[in-house]
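In the working numbering, the protein residues as written are 3 to 127.
We treat Cβ as the ideally placed atom computed from N, Cα and C, and that holds for glycine.
Note that this is a predicted model, so its numbers are computed, not measured.
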Amino acid sequence: MTTPVLEIDGPAAPPRDNGELVFAEPWESRAFGLAVTLHDAGSFTWDDFRDHLVARIADWERSHPAGECYSYYRCWLQALESVVQERGLLAAGEVTDRAGELAERPAGHDHEHADDHGHGHGHGH
């Protein structure tokens, strides 16, 4: 298993603050984690995913509605959806549906029912 190499510069580079990845919303970190997990499972190469991501960003730059704010992780989800569809892993719309379900979870949900693995997460969120 190889850890994907995230670019520092260029259109595919994720948002960072002082070198650390930045997620504005919980769904963004979940979308990021989903892509890394699928990559680690051998579902696709990182180069392939990055190509899809760059294409989605370019699509947005060419044809976004007036006034729509850029969202790196919206492009990330679209790239993830297209690469898993291309690989035949999921049907059209399933990634977006699953991401929507994740986005609706309250903050801290991922740890509420998990065994305590020594991470020090409390249940009083």
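- For G35, the uninterrupted alpha helix (DSSP H) run begins and ends at P28 to D42, by DSSP.
- Secondary structure at L8: coil, using DSSP grouped into helix, strand and coil.
- Counting only residues of its own chain and dropping the five nearest sequence neighbours on each side, S84 has a CB closer than 6 Å to the CB of H54.
- For R18, the three-state secondary structure derived from DSSP is strand.
- For L79, DSSP records no beta bridge to any residue.
- Bounds of the alpha helix (DSSP H) holding E63 are W48 to S65.
- Distance between A60 and W78, taken at the CA atoms: about 12 Å.
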